[in-house]
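Numbers in the working numbering are just positions in the sequence shown, counted from 1, shifted up by 151.
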Amino acid sequence: MSALANIFKIPELRQRIIFTLIMFAVFRMGTHIPVPGVDPTAIEQLFNNGSLFGLLDLFSGGAFSKFSIFAMSITPYINAAIIMQLLTVVVPTLEQWSKEGAEGHKKTTRVTRKLTVVLAFFQAVGMSIGLKAAVLNPNPVNILIIAITLTAGTTLLMWIGEQITAQGVGNGISLIIFAGIVAALPKNLATIYQYVQAGTINYFSVVLFGLIALSMIVFVIYVEAALRRIPITYAKRVVGARAYGGHNSHLPLKVNPAGVIPIIFASSVLMFPMTVVQFIDNPTIQKVAAHLQWGTPLNTGIYVVLIIFFTYFYTAVTVKIPDMADNLKKYGAFIPGIRPGQPTADY
Numbered sequence: 152m153s154a155l156a157n158i159f160k161i162p163e164l165r166q167r168i169i170f171t172l173i174m175f176a177v178f179r180m181g182t183h184i185p186v187p188g189v190d191p192t193a194i195e196q197l198f199n200n201g202s203l204f205g206l207l208d209l210f211s212g213g214a215f216s217k218f219s220i221f222a223m224s225i226t227p228y229i230n231a232a233i234i235m236q237l238l239t240v241v242v243p244t245l246e247q248w249s250k251e252g253a254e255g256h257k258k259t260t261r262v263t264r265k266l267t268v269v270l271a272f273f274q275a276v277g278m279s280i281g282l283k284a285a286v287l288n289p290n291p292v293n294i295l296i297i298a299i300t301l302t303a304g305t306t307l308l309m310w311i312g313e314q315i316t317a318q319g320v321g322n323g324i325s326l327i328i329f330a331g332i333v334a335a336l337p338k339n340l341a342t343i344y345q346y347v348q349a350g351t352i353n354y355f356s357v358v359l360f361g362l363i364a365l366s367m368i369v370f371v372i373y374v375e376a377a378l379r380r381i382p383i384t385y386a387k388r389v390v391g392a393r394a395y396g397g398h399n400s401h402l403p404l405k406v407n408p409a410g411v412i413p414i415i416f417a418s419s420v421l422m423f424p425m426t427v428v429q430f431i432d433n434p435t436i437q438k439v440a441a442h443l444q445w446g447t448p449l450n451t452g453i454y455v456v457l458i459i460f461f462t463y464f465y466t467a468v469t470v471k472i473p474d475m476a477d478n479l480k481k482y483g484a485f486i487p488g489i490r491p492g493q494p495t496a497d498y
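Printed below as a string of structure tokens:
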């Protein structure tokens, strides 16, 4: 507790924590501001039709079930950032920016913001048309107003995330997702308590579920922090009367360099067609949609394949092995027993 109390004795850190909490408060308030022209009762009925909307609601921190201005959450920004990273491989200009340091990062960020707005608008239009049954007066003007409102909400969330990164405790986008998921915990715990009191589930099941959840969290942290340490040696150099290098070190490679990005992107890719088919009144398509619901074997199989594909592709984009081998050669480092250059990259 004393260590926790000492955190607030550091002025800059205290200011960053307070700023982050204020941004969280703005985010939570925004989840309760409804989009104009939408019938909340109709939205609630759609929620009872399947688990897809529950997943969307989880990502938005409860904003989707209220159809608030933050209903689309930060997903368009994440998708835009992933698309920009993937395009770095095929677009020479973006590849050049990635090598320009801080200035190149600023250029990439500006394009990512614009792409976020474009993706958010198209997603908002699709969502507004798909939820036409819940729109009080579904004419083109009202659909456009709803789409612009949702786009503005996502843009505001993007700004909040960037401000938390710059002036808060950092990693603002991840913290927004975390805050949204954690916000649902009190409600979920209250629901579990009601089920226990009603005898629907017993205490043993609750404890067992808690232990399994805790074990999964520990396992995820273990895998996320795992490193493969490749030993490297720096060649000894003599400059004037001084000698440099000649010492051993290691090159840390993460076991899971892609992190959670492939999972988020796979979810977004899988959600799009599933969201569309939810609103098509066709028996055959609805039958297909039933097999694509979250938790079904077909859905799980497609989801796993997408995660594997995006993990492989995203890792190939972000972990640039030839560049790493060239940098080792440039700084006079080598892997013992392996020749510098291409043999190092192959290794």
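For glycine and all other residues, C-beta sits at the position ideal for the given N, C-alpha and C.
Taking 8 Å as the upper bound for CB-CB distance, residue 298 and residue 272 are in contact here, some 6 Å apart. Relative to residue 301, the option among 270, 447 and 287 whose CA is nearest is 270. For residue 384, the beta-bridge partners assigned by DSSP are 399 and 485. Rounded to the nearest whole angstrom, the C-alpha separation of residue 229 and residue 246 is 19 Å. In the DSSP assignment, residue 251 falls outside any alpha helix (DSSP H), carrying neither H nor E.
From the listed residues 218, 212 and 211, the smallest Cα separation to residue 190 is found for 218. For the pair residue 409 and residue 316, the CB atoms are not nearer than the 7 Å cut-off. Residue 379 carries a strand assignment under DSSP once its states are collapsed to helix, strand and coil.
Apart from sequence neighbours up to five positions away, the residues of its chain that approach residue 419 with a beta-carbon distance below 7 Å are 226 and 230, ordered along the chain. For residue 189, the secondary structure class from DSSP, reduced to helix, strand or coil, is strand. Under the 10 Å beta carbon count, residue 223 is surrounded by 16 or more other beta carbons and is classified as buried.
Using a 10 angstroms sphere on the CB of residue 437, the tally of other CB atoms stays under 16, which defines it as exposed. When secondary structure is reduced to three states using DSSP, residue 258 falls in the helix class.
Pairing residue 308 with residue 370 gives a Cβ-Cβ distance that is not under 7 Å.
Residue 333: member of the alpha helix (DSSP H) spanning 323-334, first to last residue. For residue 291, the enclosing alpha helix (DSSP H) has its first and last residue at 291-318. The straight-line gap separating the alpha-carbon atoms of residue 185 and residue 194 is approximately 12 Å.
In this structure, DSSP gives residue 443 a state outside helix and strand, which the three-state scheme calls coil.
By the C-beta criterion, the region 437-451 is judged not to be in contact with the region 469-477, since fewer than 3 inter-stretch pairs fall below 8 Å. Cα atoms of residue 433 and residue 284: separation of roughly 16 Å, rounded to the nearest angstrom.
Just measuring C-alpha positions, the residue of 383, 160, 412 and 414 sitting nearest residue 404 is 383. Rounded to whole angstroms, the gap between the alpha carbons of residue 265 and residue 303 is 12 Å. Contact between residue 489 and residue 498 holds: their C-beta atoms lie close to 5 Å from each other, under 8 Å. For residue 237, the closest of 441, 478, 413 and 455 by C-alpha to C-alpha distance is 413.
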